[in-house]
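**Q**
Residue numbers (our numbering): 2 to 431.
Below, the structure is given as structure tokens:
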């Protein structure tokens with residue numbers, strides 16, 4: 002994962018353009034079944050419109066001798082996102098309104114965008130800015146901003162059930178390791194793992210899209226299906242550092258996505274912060290919005306906007322580590338394991354079912370009548386009473402772990418019983 006991020010770090014991504022395509026083509030080399038989609042500029046998506054496509058060939062500020070003082074080719078963060086084309090010679094006073102730096106982080110290049118207003122600008126560290134001199138400066142932005150398309154991708158891994166689990170991340174920020182590339186890196190590894198499972202119950206949907214406008218575009222084309230099928234979803238972002246873990250509660254939570262993630266973090270005994278919906282800030286704003294109402298939660302390490310390196314060049318390959326990425330992947334692998342191994346069951350009819358006609362109840366009633374069955378590694382015989390006790394919790398809300406916890410029955414025995422009554426058609430998996 003760290004190697005993937007290193008390969009993609011200097012790819013000049015934005016909402017649209019060749020950088021997004023290059024990034025998704027790289028992911029597709031690892032996940033061949035990834036489907037890449039193009040959404041035409043000008044298309045209405047709910048209250049928004051797909052913007053024109055932006056591509057940059059070159060951008061720099063040079064001194065009078067032609068030395069590049071600020072160079073987009075060195076770091077794409079140097080250019081304000083969606084800057085319009087420009088070519089002129091300026092004095093320092095003329096250039097100054099178009100410069101962005103952060104005096105509190107004097108070595109950092111800040112990340113600045115102007116997606117929906119026409120302007121141009123350059124970002125540089127405060128140290129660079131202090132050394133620029135008085136000019137004159139040659140300022141060049143060789144860019145195009147014209148009709149094209151927005152690029153996004155999805156991967157659908159079918160399971161035995163039409164019920165879906167959805168993971169999303171964004172692919173629109175340039176040259177930031179945690180805020181941008183840790184999410185795609187971890188989800189690529191997760192999708193590769195799930196794709197190799199021989200028997201999946203859930204269908205898994207992975208979406209890689211530019212933040213906000215990409216998720217809106219994806220929902221605009223798939224919302225009815227998502228509302229009918231998605232049972233849990235997570236936005237994955239900023240999952241590469243080693244400092245802490247973070248969770249953003251869904252708007253209508255706690256739902257399955259919230260409770261499952263928090264259960265795992267509690268059991269791992271790691272430090273984490275659970276943020277309320279009011280502290281949202283990524284694509285959970287779209288997927289959980291009124292009218293969409295998808296059951297989404299968000300998972301991060303250090304949460305976006307909460308760490309000092311956020312949206313600067315300090316969000317680099319030293320801040321994001323192989324260990325941090327692996328630990329985040331481990332959490333998501335546990336999410337999948339519990340979803341796959343902890344199904345819930347629901348009986349078909351009110352009242353206890355007729356076990357006798359299915360050979361699950363003694364044909365002679367005595368004071369010690371019992372039914373027992375032995376399965377491999379079952380951990381003991383299951384009595385008639387135990388079987389009916391397990392059935393009594395098949396209400397669609399209890400999985401094997403919860404049933405074992407409530408009843409005191411051995412977990413392996415509960416699982417064997419659930420398999421038995423499922424085979425007999427007494428319950429359905431939900």
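Every residue, glycine too, gets a C-beta built ideally from N, C-alpha and C.
Under DSSP, the beta strand (DSSP E) around residue 57 begins and ends at which residues?
**A** For the purposes of this step, residue 57 is taken as residue 56 along the chain shown, with counting starting at 1. Per DSSP, residue 57 belongs to the beta strand (DSSP E) from 54 to 63.
**Q** If you follow the beta strand (DSSP E) that residue 324 is part of, which residue opens it and which one closes it?
**A** What you label residue 324 is simply residue 323 of the chain shown in a count that begins at 1. First-last for residue 324: 323 to 342, but that is the alpha helix (DSSP H), not the beta strand (DSSP E).
**Q** Enumerate, from N- to C-terminal direction, the unbroken beta strand (DSSP E) stretches of 3 or more residues contained entirely within the segment 152 to 178.
**A** Complete beta strand (DSSP E) runs here, min 3: 165 to 171.
**Q** Is the shortest distance between the beta-carbon of residue 18 and the beta-carbons of chain C less than 8 Å?
**A** Among the chains of the structure shown, chain C does not appear; only one protein chain is present.
**Q** Since residue 88 sits in a beta bridge, which residues does DSSP pair it with?
**A** Along the chain shown, read from residue 1 onward, the residue named residue 88 stands at position 87. Paired residues: 141.
**Q** When the Cα atoms are used, what is the spatial distance from residue 197 to residue 33?
**A** Position 196 of the chain shown holds residue 197. Position 32 of the chain shown holds residue 33. Rounded to whole angstroms, residue 197 and residue 33 show a C-alpha spacing of 13 Å.
**Q** Is it buried or exposed, residue 406, if we count other Cβ atoms within 10 angstroms and call 16 or more buried?
**A** Position 405 of the chain shown, counted from the start, is the residue given in the question as residue 406. So residue 406 ends up on the exposed side.
**Q** Residues in its own chain within less than 6 Å of residue 86 by CB, not counting five upstream and five downstream?
**A** Sequence index remark: in the chain shown, residue 86 carries index 85 (1-based). Spatial neighbours of residue 86 in its own chain (CB-CB distance under 6 Å, excluding positions within 5 residues in sequence) are listed in chain order as 142 and 144.
**Q** Please identify the residue among 52, 298 and 42 whose C-alpha is closest to the C-alpha of residue 508.
**A** Outside the shown range of the chain (2 to 431) lies residue 508, about which nothing can therefore be said.
**Q** Check for me: the alpha helix (DSSP H) holding residue 31 runs from which residue to which?
**A** Mapped onto the chain shown, residue 31 falls at position 30. Note, residue 31: alpha helix (DSSP H), 19 to 31.
**Q** Please report the residue range of the beta strand (DSSP E) in which residue 206 lies.
**A** Your numbering for residue 206 matches position 205 in the chain shown. 204 to 210 is the span of the beta strand (DSSP E), which, as asked, contains residue 206.
**Q** In angstroms with no decimal places, state the Cα-to-Cα distance between residue 201 and residue 190.
**A** Start at 1 with the first residue of the chain shown, and residue 201 comes out as number 200. Start at 1 with the first residue of the chain shown, and residue 190 comes out as number 189. When rounded, the distance between both Cα atoms is 17 Å.
**Q** Could you pull out every residue in the same chain whose Cβ sits closer than 7 Å to the Cβ of residue 345, ignoring the five residues on either side in sequence?
**A** The residue given as residue 345 occupies position 344 in the chain shown. Hits under 7 Å: 397, 398, 399, 400 and 431.
**Q** Under a three-way DSSP split, which group does residue 419 fall into?
**A** For the purposes of this step, residue 419 is taken as residue 418 along the chain shown, with counting starting at 1. Of the three classes helix, strand and coil, the one that applies to residue 419 here is helix, per DSSP.
**Q** My output table needs one value for residue 77: the three-state DSSP class, helix, strand or coil.
**A** Taking the first residue of the chain shown as position 1, residue 77 is located at position 76. Looking at residue 77 - three-state DSSP - the assignment turns out to be helix.
**Q** Nearest by alpha-carbon distance to residue 308: which of 163, 180, 71 and 70 is it?
**A** By one-based count along the chain shown, residue 308 stands at place 307. Nearest option by C-alpha distance: 180.
**Q** Just checking residue 55 against the ligand HEM - is the residue's beta carbon closer than 7 Å to any of the ligand's heavy atoms?
**A** Only the bare structure without any ligand can be found here, which leaves the ligand HEM out of the picture.
**Q** From the DSSP output, read off the bridge partner residues of residue 13.
**A** Locating residue 13 in the chain shown gives position 12, counting from the first residue. Residue 13 is not bridged to any residue.
**Q** By the DSSP assignment, the alpha helix (DSSP H) with residue 229 in it spans what residues?
**A** By 1-based counting over the chain shown, the position of residue 229 is 228. 214 to 230 is the span of the alpha helix (DSSP H), which, as asked, contains residue 229.
**Q** Curious, which full-length beta strand (DSSP E) runs of at least 3 residues does the segment 269 to 298 contain?
**A** 273 to 276
**Q** Of the choices 248, 228 and 328, whose alpha-carbon is the least far from that of residue 274?
**A** Translated into positions along the chain shown, residue 274 becomes position 273. Per the Cα distances, 248.
**Q** CA-CA distance, residue 315 and residue 6?
**A** In the chain shown, the residue the question calls residue 315 occupies position 314. In the chain shown, the residue the question calls residue 6 occupies position 5. Spanning the two alpha carbons is a distance of roughly 15 Å.
**Q** Return helix, strand or coil for residue 146, following the three-state DSSP convention.
**A** Position 145 of the chain shown holds residue 146. In this structure, residue 146 counts as strand in the three-state DSSP scheme.
**Q** Quick one: using the 10 Å Cβ neighbour count with 16 as the cut-off for buried, is residue 43 buried or exposed?
**A** For the purposes of this step, residue 43 is taken as the residue at position 42 of the chain shown. A residue is called buried once 16 or more other Cβ atoms fall within 10 Å of its Cβ, and residue 43, having fewer, is exposed.
**Q** Do three or more CB pairs link the segment 316 to 326 to the segment 3 to 19 at distances below 8 Å?
**A** yes
**Q** Is it the case that the Cβ atoms of residue 168 and residue 237 are separated by a distance below 8 Å?
**A** Reading the chain shown from its first residue, position 167 is the one you call residue 168. Reading the chain shown from its first residue, position 236 is the one you call residue 237. Taking 8 Å as the Cβ cut-off, residue 168 and residue 237 qualify as a contacting pair.
**Q** Return the chain-ordered list of same chain residues with a C-beta closer than 6 Å to the C-beta of residue 277, the five sequence neighbours on each side being excluded.
**A** Within the chain shown, numbered from 1, the residue matching residue 277 stands at position 276. Excluding residues within five positions, the ones whose Cβ falls inside 6 Å are 250.
**Q** Within 8 Å, do at least three Cβ pairs link the segment 150 to 162 to the segment 111 to 129?
**A** Counting C-beta pairs with one atom in each stretch, the segment 111 to 129 and the segment 150 to 162 have fewer than three that are closer than 8 Å, which means they do not touch.
**Q** If we call anything under 8 Å between Cβ atoms a contact, is residue 56 one with residue 148?
**A** One-based indexing of the chain shown puts residue 56 at position 55. One-based indexing of the chain shown puts residue 148 at position 147. Not a contact, by the Cβ cut-off of 8 Å.
**Q** What three-state label does DSSP hand residue 51 in the structure shown?
**A** Numbered from 1 along the chain shown, position 50 holds the residue referred to as residue 51. Residue state, collapsed to three classes: coil.
**Q** Can you tell me which of 258, 153, 421 and 271 puts its alpha carbon nearest to the alpha carbon of residue 303?
**A** For this step, residue 303 is matched to residue 302 along the chain shown. Nearest to residue 303 by C-alpha distance, out of 258, 153, 421 and 271, is 271.
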